[in-house]
Amino acid sequence: MLLFVVSYGILTALVFEQGQTIEAQRGLIREMLKDSTQLAALKDKLARDDGKQIHKKTDLGAPAAGAKGSDRSAKRRGNRRTP
Numbered sequence: 274m275l276l277f278v279v280s281y282g283i284l285t286a287l288v289f290e291q292g293q294t295i296e297a298q299r300g301l302i303r304e305m306l307k308d309s310t311q312l313a314a315l316k317d318k319l320a321r322d323d324g325k326q327i328h329k330k331t332d333l334g335a336p337a338a339g340a341k342g343s344d345r346s347a348k349r350r351g352n353r354r355t356p
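Here my numbering is used: the sequence shown runs in plain steps of one and ends on residue 356.
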């Protein structure tokens, strides 16, 4: 009988500890979700800001990024041909 009471007490302590662990994990998951949401919002804002800056640069007459890349590759090809 004493062994049953002791084992039941240990089982009760285990269930209590598991409950605390689950609650702690639930809190951590909520924090991670909040951080993830904030990060996604920040990335979205940065992407919109970058899009606006690129749009402003092209409106001002500056060459687009693709045009710069073409000029550079043409210069490299030209340098290779001359010894």
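Yeah, the Cβ is synthetic: ideal placement off N, Cα and C, and Gly gets one too.
Checklist line | For P356, three-class secondary structure by DSSP | finding: In this predicted model, P356 has a pLDDT of only 48, less than 50, meaning its place in the structure is not dependable enough to derive any value.
Note to self: So, at 7 Å on beta carbons, what are the nonlocal neighbours of I283 in its own chain, with the 5 sequence-adjacent residues on each side left out?
What the structure shows: Around I283: no qualifying Cβ.
Note to self: Using only the alpha-carbon positions, how far apart do L333 and L319 sit?
What the structure shows: Taking the straight line joining both Cα atoms gives about 21 Å.
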